[in-house]
Each structure stands twice: as C-alpha cells, then as structure tokens.
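Keeping their order, the protein sequence lines are chains H and S. Position 78 of the first sequence, counting from 1, maps to 86 under this note's numbering, and the rest follow consecutively. Position 204 of the second sequence, counting from 1, maps to 214 under this note's numbering, and the rest follow consecutively. See structure below.
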Amino acid sequence: MMDELRELYQEVILDHGRDPRNHRCPAEANRHAQGNNPICGDKLVVHLTVDDSGLIRDVAFEGKGCAISIASASLMTEILKGKTKDEARALFDDFHEMCTKDDFDASAANGDVDALERLQVLSGVRQFPMRVKCATLAWHTMNAAMSGETETSTE
Amino acid sequence: MSEAMEIAAGGNSTLAFDVESVRADFPILKQEVFGRPLVYLDNAASAQKPRQVLDVMQEAYETYYSNVHRGLHRLSQLSTDGFEAGREKVARFINAESDKEIVFTRNATEAINLVAACYGQAFLKEGDEVILSTLEHHSNIVPWQLLRERIGIVLKVAPIDDAGNLLLDGFEALLGPRTRLVAMLHVSNAIGTVVPIEQVIALAHSRDVPVLVDGSQAVQHRMVDVRELDADFYVFTGHKLYGPSGIGVLYGKRDLLNAMPPYQGGGEMISSVTFEKSEFKEAPHRFEAGTPAIVEVIGLGAALDYVEALGRDNIAAHEAGLLAYATTRLSQLPGLTIIGTAREKASIVSFVMEQAHAHDVGTIVDRAGVAIRAGHHCAQPLLQRFGLTATARASFGIYNTRAEVDALAEALGTVSELFG
Numbered sequence: 009m010m011d012e013l014r015e016l017y018q019e020v021i022l023d024h025g026r027d028p029r030n031h032r033c034p035a036e037a038n039r040h041a042q043g044n045n046p047i048c049g050d051k052l053v054v055h056l057t058v059d060d061s062g063l064i065r066d067v068a069f070e071g072k073g074c075a076i077s078i079a080s081a082s083l084m085t086e087i088l089k090g091k092t093k094d095e096a097r098a099l100f101d102d103f104h105e106m107c108t109k110d111d112f113d114a115s116a117a118n119g120d121v122d123a124l125e126r127l128q129v130l131s132g133v134r135q136f137p138m139r140v141k142c143a144t145l146a147w148h149t150m151n152a153a154m155s156g157e158t159e160t161s162t163e
Numbered sequence: 011m012s013e014a015m016e017i018a019a020g021g022n023s024t025l026a027f028d029v030e031s032v033r034a035d036f037p038i039l040k041q042e043v044f045g046r047p048l049v050y051l052d053n054a055a056s057a058q059k060p061r062q063v064l065d066v067m068q069e070a071y072e073t074y075y076s077n078v079h080r081g082l083h084r085l086s087q088l089s090t091d092g093f094e095a096g097r098e099k100v101a102r103f104i105n106a107e108s109d110k111e112i113v114f115t116r117n118a119t120e121a122i123n124l125v126a127a128c129y130g131q132a133f134l135k136e137g138d139e140v141i142l143s144t145l146e147h148h149s150n151i152v153p154w155q156l157l158r159e160r161i162g163i164v165l166k167v168a169p170i171d172d173a174g175n176l177l178l179d180g181f182e183a184l185l186g187p188r189t190r191l192v193a194m195l196h197v198s199n200a201i202g203t204v205v206p207i208e209q210v211i212a213l214a215h216s217r218d219v220p221v222l223v224d225g226s227q228a229v230q231h232r233m234v235d236v237r238e239l240d241a242d243f244y245v246f247t248g249h250k251l252y253g254p255s256g257i258g259v260l261y262g263k264r265d266l267l268n269a270m271p272p273y274q275g276g277g278e279m280i281s282s283v284t285f286e287k288s289e290f291k292e293a294p295h296r297f298e299a300g301t302p303a304i305v306e307v308i309g310l311g312a313a314l315d316y317v318e319a320l321g322r323d324n325i326a327a328h329e330a331g332l333l334a335y336a337t338t339r340l341s342q343l344p345g346l347t348i349i350g351t352a353r354e355k356a357s358i359v360s361f362v363m364e365q366a367h368a369h370d371v372g373t374i375v376d377r378a379g380v381a382i383r384a385g386h387h388c389a390q391p392l393l394q395r396f397g398l399t400a401t402a403r404a405s406f407g408i409y410n411t412r413a414e415v416d417a418l419a420e421a422l423g424t425v426s427e428l429f430g
C-alpha cells in the first residue's frame with residue numbers, strides 16, 4: 009500500500025504541492041483560462057504571456073486544489089516557459105498519454121524529452137485512474153487558454 | 011458489547027442490535043479492497059444492499075415478473091400486487107394517511123423536480139418567493155433555479171451559524187407576504203446537521219406556507235412521521251435506505267397532489283385518451299407515466315421491512331454511538347478539523363486536514379480499503395459558507411462498527427506519514 013502511495017506522492021510532488029512555483033497573475037499576461045474539475049470543485053486559472061511569434065514568455069497560475077493538481081500546474085509553469093505554442097501542444101499530448109497509458113515510451117514521444125523526464129514524477133497517477141484528471145487539469149486549462157477559450161472542464 | 015448495543019439491549023433484550031448479524035446480511039461487505047477488509051463509510055452517497063433485498067428482487071424476476079396494472083394474466087396480477095404492496099409499505103414507513111399519497115419517482119432529485127414543475131405550474135407565478143437553506147444539496151437548489159428562469163420566482167436562502175445549525179430567526183425573517191413555498195432538507199448530506207424541521211414547518215404553516223422536506227439523509231437514520239411533522243411534501247430515495255437505485259419517493263398530501271397537473275404524459279397516468287382530450291387519473295398514478303421501476307419498488311419494500319425489523323430506534327442508537335466515537339477519535343488526530351458541529355447530527359462526519367487536500371486524503375485511505383467521499387458533496391454553496399471547496403466525509407450506517415472507525419483513523423495517520 010505504502011509503495012504505490014509513495015510512488016504517487018513523490019518528494020517533488022509534495023514540494024511543488026506545498027510551495028507552488030509561479031503562483032501569481034502577471035500584469036502582462038495576455039491569455040487566460042479557468043479550468044474546473046467538477047468532481048472535487050477545484051478551480052485553476054492559467055495565465056499565459058505569448059508573444060507575436062508564438063513564444064510563451066511566461067506561464068503562471070492561481071488556484072487551490074489537491075497536491076497532484078497543484079504540483080502538476082507548478083511543474084507545467086516551469087516547463088513551458090520559453091517553449092513555442094506548438095511545442096507546448098506536443099507536450100500536452102505526450103503528458104496526457106503518460107498519465108493514461110502503461111506502455112508510454114518517452115523516447116518515442118514528440119515533445120521535448122528533457123521536459124517529459126521531469127514530468128515523469130506525475131506518471132504514478134496511472135495506478136490511480138480517479139486522479140488522472142487532477143494531474144491533467146492545468147494542462148487542459150493551458151491548452152484552452154492558447155486556443156482562446158476562457159473556460160474548460162475535465163469532464 | 012458496544013455502548014450502542016447496551017443502550018438498545020437495555021430497553022428490551024429481544025430488540026438488541028447485533029451489528030455482526032447485520033453485517034452477515036450484506037454480501038458485499040465480505041470482500042477485500044487492495045488486500046484490506048472493505049470498510050465502507052460512504053453511506054450518505056449510497057448504502058449497500060442486504061441479501062433480503064437482493065433475494066426478493068431475484069425472486070420477482072425469476073418467478074412472477076410482468077408489467078403492472080394492465081395485464082389480465084396471472085403474472086401481471088402478482089407483479090401488480092407486489093408493486094402496490096411496496097407502495098403500502100412506503101406509506102406505513104412514513105405514516106402517510108393513505109398509499110394514494112405515495113408517488114414513485116426515479117430518485118429524490120426527480121421528486122423535487124416534479125414538485126418544482128407541477129406545484130410551480132399550479133401555484134407559483136412571477137415574483138413569488140421560495141425559501142431554501144444554505145445547507146441544501148444541489149438537487150434542492152437547481153430545480154428551483156430552473157423554475158426561476160422559466161417563470162421568475164424569487165429564491166431566498168435561510169442562513170446557518172458557524173457550527174452548521176439552521177438559524178430559525180433568520181429563516182422566520184424571510185417569511186413574507188410573497189412566500190409561497192419552503193423547500194428544505196431534513197438532514198445535511200455534507201455535514202450531518204439535523205434541521206429542526208418541525209419548527210420550520212410550524213413557522214411556515216403559521217403563515218399558510220406549505221413545506222417540501224428533502225428527507226434523503228433522514229429516513230435511514232431516524233423515525234420520520236409525515237403526519238406528526240405535518241409535512242406537505244416529503245421526498246427520499248431508495249438507494250440510501252439499503253434498497254435498490256432507480257427508485258425514489260414523493261409523499262404529498264392528497265389534496266395538494268390532486269390539485270397539481272401531471273408531470274409527464276403517457277400510459278398509466280390517464281383514465282381515457284382521445285385525440286381531442288385526455289382525462290388524467292388521480293394521484294399517485296397521474297404522476298407515474300410509463301412502465302415504472304417495478305422490481306425496484308418490490309426491492310424497496312423489502313428494504314423497508316429489513317429496516318423496520320431492526321427497529322429505527324435501535325438504528326438511531328447504534329449510529330449515535332458510532333458518531334460520538336468517530337467524532338472523538340478523529341478530533342484527536344493532529345491537523346484534523348471537523349466541519350459541521352451542529353447540536354443535533356446524523357452519523358456523518360465531514361473533515362479537512364491541514365496536511366493534505368480532501369482528494370489526497372480520499373486516495374490515501376482508499377488504499378487501506380476505506381471508502382469515504384471527498385469533494386463538495388453536491389453542496390457547493392454550503393462549503394463556500396465555510397470557505398472551503400472540498401471536505402472528506404465519513405458517513406456511517408447500520409453495518410458499521412467502532413473497529414471500522416479505528417481503521418479510518420489509522421488510515422488517516424498515513425496521510426501525516428506521507429505528507430509530514
């Protein structure tokens with residue numbers, strides 16, 4: 009029992025859950041979306057600063073939630089800063105596969121391999137299907153913000 | 011012998027509540043989850059079913075199942091008898107004057123929607139006021155909001171204090187010349203508060219305002235007598251009462267029901283149909299269009315028999331013992347705060363932990379075989395009142411034990427171990 013739980017709640021996740029990075033609302037942000045997880049009532053807001061060339065200059069978020077959703081949002085803000093929109097979308101797709109597919113192979117993925125390696129700490133949710141939406145909420149919200157939507161839901 | 015059992019046995023030894031023999035009636039409780047004995051503490055969401063209910067439903071399907079109220083053949087007569095016997099059992103269970111006051115619905119939610127639609131159509135118009143409380147489940151909020159969008163009624167919300175008690179003064183202050191209905195729960199699913207519904211009804215009736223009571227979390231825990239309460243409508247659901255899912259109950263005073271238009275149109279609810287005009291049956295059948303949940307009603311009847319045989323006072327005593335023990339035991343855990351400390355509570359303990367979000371708590375105890383609910387419990391406005399978006403909730407029923415409270419407490423210790 010404890011092994012699987014420790015696999016889910018790794019030190020990196022507990023650290024980012026307790027002390028989330030980029031938990032703010034930058035004045036210059038130009039894309040915003042709110043993500044809702046209707047199962048638990050958690051809400052996250054993702055703020056993106058995207059320049060004319062499609063480069064993500066800054067990523068930040070606000071909200072409260074479980075350790076998994078906050079840690080995932082926090083890690084995402086660090087990883088996406090400096091990426092292009094297309095790179096961010098490729099990472100979103102890979103991350104979703106990582107959270108849901110046991111045979112996910114990071115080396116065969118489209119996204120940045122180093123980034124996927126950092127996200128690997130969240131792959132423990134595969135053993136906890138009810139928690140996949142917690143891990144992917146921030147990413148869905150980021151994707152919605154980039155597409156010009158202002159609200160999304162994990163449903 | 012547990013405290014609750016001693017209380018039960020003290021009055022009449024033949025009525026002693028033997029939790030182990032109750033547990034033996036529930037096949038699902040014998041299993042392990044993640045290698046640990048299942049500890050099922052999510053009874054407020056839905057309760058498990060005793061073999062007595064399962065057997066009766068199986069027997070109905072295997073030996074006399076047919077449609078009701080229409081066939082002339084033997085099986086149809088037997089099914090109709092079983093179905094209508096279920097209605098009589100429900101009437102007796104809540105002490106209704108007549109089984110004609112018992113309308114079957116899919117669940118409590120549909121029963122409330124039925125009243126909102128039909129009572130609303132007959133008696134409410136723009137500007138009329140309906141009073142709810144902060145404690146409501148979404149199922150007693152959203153139907154009224156839909157009616158507000160349709161016809162422009164006004165919703166008022168009776169306040170609670172920080173412990174989760176309904177503020178009767180605050181409720182009374184909302185009763186005004188345009189108040190046409192009070193719709194309020196009897197027991198809070200999220201934090202366990204027992205509302206002094208007798209006083210709510212008395213205050214409303216003193217101004218000729220009828221009251222709908224959502225008893226979804228009440229009937230399984232305590233004696234409910236709709237005539238003593240003088241409730242105008244009382245709704246509950248089968249699946250939280252150790253009966254099947256898919257069957258709910260609307261009790262309504264007969265004159266009130268017969269003054270309301272039908273809910274849905276179809277077979278079963280008419281006395282005659284031509285293309286020019288249809289004549290509707292009296293209540294309850296006018297509200298039961300189409301083939302009903304026949305075997306579920308038969309199963310619900312068996313569940314009521316089961317609960318009656320245990321004795322509702324014995325159940326209340328058993329659960330009061332569990333509530334007291336769980337409250338004390340959980341309060342001792344570092345970082346844990348119980349949400350909802352009303353003067354009178356049903357056996358529901360909602361809590362938050364400093365160390366971790368309710369969702370993480372739910373996942374962690376699940377791995378120890380302990381099933382609790384984590385989230386907003388379909389009562390988001392209530393949680394907002396406490397400045398929260400989620401709590402963890404343990405809810406106890408007839409088959410739960412103190413050892414299971416200990417198992418929960420031990421599993422919660424793991425939260426501290428993991429999260430520090």
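All C-beta atoms in this analysis are idealised placements derived from N, C-alpha and C, irrespective of residue type, glycine included.
{"Asked": "Contact check, Ser77(H) vs Leu52(H), beta carbons under 9 Å", "Found": "yes"}
{"Asked": "Closest Cα partner of Leu48(S) within the set Leu422(S), Val375(S), Gly430(S)", "Found": "Val375(S)"}
{"Asked": "Buried versus exposed call for Ser226(S) [16 or more other C-beta atoms within 10 Å across all chains shown]", "Found": "buried"}
{"Asked": "Chain-ordered neighbours of Arg377(S) on chain H, where CB pairs are closer than 7 Å", "Found": "Met9, Glu12, Leu13"}
{"Asked": "Selected residue, minimal CA-CA separation from His369(S), among His148(H), Arg139(H), Asp101(H)", "Found": "Arg139(H)"}
{"Asked": "Any C-beta of chain S under 9 Å from that of Lys51(H)", "Found": "yes"}
{"Asked": "Cβ pair count under 8 Å reaching 3, the region 288 to 304 of chain S against the region 143 to 160 of chain H", "Found": "no"}
{"Asked": "Three-state secondary structure (DSSP) of Leu320(S)", "Found": "helix"}
{"Asked": "For Ala19(S), the three-state DSSP class (helix, strand or coil)", "Found": "With a pLDDT of only 40 at Ala19(S), under 50, the local geometry of the prediction cannot be trusted, and no value is derived from it."}
{"Asked": "First and last residue of the uninterrupted alpha helix (DSSP H) at Gln394(S)", "Found": "390 to 395"}
{"Asked": "Straight-line Cα distance separating Pro46(H) from Ala19(S)", "Found": "Annotation note: pLDDT 40 at Ala19(S) (below 50); position unreliable, no value reported."}
{"Asked": "Short CB-CB distance (under 9 Å) between Ala96(H) and chain S", "Found": "no"}
{"Asked": "Paired residues, beta bridge with Ser61(H) - DSSP", "Found": "DSSP output for Ser61(H) lists no bridge partner at all."}
{"Asked": "CA-to-CA distance, Asn123(S) to Arg452(S), given in whole angstroms", "Found": "It is not possible to answer for residue 452(S), since the shown part of chain S is limited to 11 through 430."}
{"Asked": "Any C-beta of chain S under 9 Å from that of Leu83(H)", "Found": "no"}
{"Asked": "DSSP bridge partner residues for His31(H) (one or two, in chain order)", "Found": "Phe69(H)"}
{"Asked": "Same chain, Cβ closer than 6 Å to Arg32(H), neighbours up to 5 away in sequence not counted", "Found": "Ala68"}
{"Asked": "Beta-carbon gap between Arg134(H) and Leu83(H) smaller than 9 Å", "Found": "no"}
{"Asked": "Residue environment, Asp110(H), which counts as buried when at least 16 other CB atoms sit within 10 Å", "Found": "exposed"}
{"Asked": "Tyr252(S), buried or exposed, once every other Cβ within 10 Å from all chains shown has been counted against 16", "Found": "buried"}
{"Asked": "Any 3 or more C-beta pairs closer than 8 Å across the region 302 to 318 of chain S and the region 95 to 103 of chain S", "Found": "yes"}
{"Asked": "Beta strand (DSSP E) segment containing Val129(H), residue limits", "Found": "Careful: Val129(H) lies outside any beta strand (DSSP E) and carries neither H nor E."}
{"Asked": "Simplified DSSP state of Thr189(S), which is helix, strand or coil", "Found": "strand"}
{"Asked": "Residue range of the beta strand (DSSP E) that includes Arg97(S)", "Found": "Not the beta strand (DSSP E): Arg97(S) falls in the alpha helix (DSSP H), residues 84 to 103."}
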